[in-house]
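So the sequence shown is numbered by numbering that gives the first Met the number 0: it starts at 0 and just counts up by one.
Cβ coordinates follow ideal geometry from the N, Cα and C atoms, glycine included.
Given the structure is predicted, the values throughout are model-derived calculations rather than measurements.
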Amino acid sequence: MLATMPDQRSSGTSWRRELAAALRDKRAKLGVVGLGYVGLPMLVSIVRAGFRGVGVDLDQTRVDALAQGRSYISDVPYEVLADIRSRLRVSTRGSALRGCDVVLICVPTPLWPQAAGRLSRCRIRTIGRGSCT
Ligand SMILES: NC(=O)c1ccc[n+]([C@@H]2O[C@H](COP(=O)([O-])OP(=O)(O)OC[C@H]3O[C@@H](n4cnc5c(N)ncnc54)[C@H](O)[C@@H]3O)[C@@H](O)[C@H]2O)c1
0 MLATMPDQRS
10 SGTSWRRELA
20 AALRDKRAKL
30 GVVGLGYVGL
40 PMLVSIVRAG
50 FRGVGVDLDQ
60 TRVDALAQGR
70 SYISDVPYEV
80 LADIRSRLRV
90 STRGSALRGC
100 DVVLICVPTP
110 LWPQAAGRLS
120 RCRIRTIGRG
130 SCT
């Protein structure tokens with residue numbers, strides 16, 4: 000995780016530069032929430048690219064399958080999963096995202112009122128706007 004986290008009151012760009020550098024150097028830790036058709040290939044790409052990656056999904060059977068090296072998404076073949084298995088971190092617990100510099104949310108949309116509860120465990124804080132260039 001980056002040494003300094005952005006201060007919401009600050010308009011400084013040092014944390015952005017630090018994040019950009021961490022992404023460039025692959026020091027950044029990236030999280031993916033929702034390991035479905037979008038999220039799982041995303042997490043696999045993150046890990047294959049050399050980043051530390053962690054995935055979170057509410058579905059215990061999916062998390063168990065990945066922990067055992069079994070893919071449930073045709074875009075992610077067994078061989079690819081086997082290749083990165085020792086570096087793949089997956090969990091049903093949001094706390095697994097602690098220490099992530101970037102979290103990509105890949106859960107189903109659209110969000111309708113009855114489904115809002117599915118995101119009730121998310122506590123989102125906006126830390127900045129714009130690109131990290
Ligand atoms: N599949 C596509 O081709 C495609 C294309 C463009 C955009 N999208 C968008 O990408 C997003 C994800 O789509 P998908 O096809 O990967 O969905 P998916 O149904 O394949 O996977 C979603 C995953 O999120 C998990 N999940 C649901 N709520 C969660 C929560 N609160 N916390 C953690 N995990 C949770 C589910 O268990 C499931 O494994 C959607 O917003 C969709 O509209 C999908």
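1) Hey, out of G52, L18, L57 and L87, whose CA is closest to R69's CA?
2) State the start and end residues of the unbroken beta strand (DSSP E) segment that holds L103.
3) Suppose you measure from the CA of V75 to the CA of G52; what does that come to, to the nearest Å?
4) Name the one or two DSSP bridge partners that G52 has.
5) Looking at the secondary structure, which residues open and close the alpha helix (DSSP H) in which R61 lies?
6) Ligand 1 heavy atoms versus the CB of Y36: any closer than 7 Å?
The short version:
1) L87
2) V101 to I104
3) 16 Å
4) L29
5) Q59 to A66
6) yes
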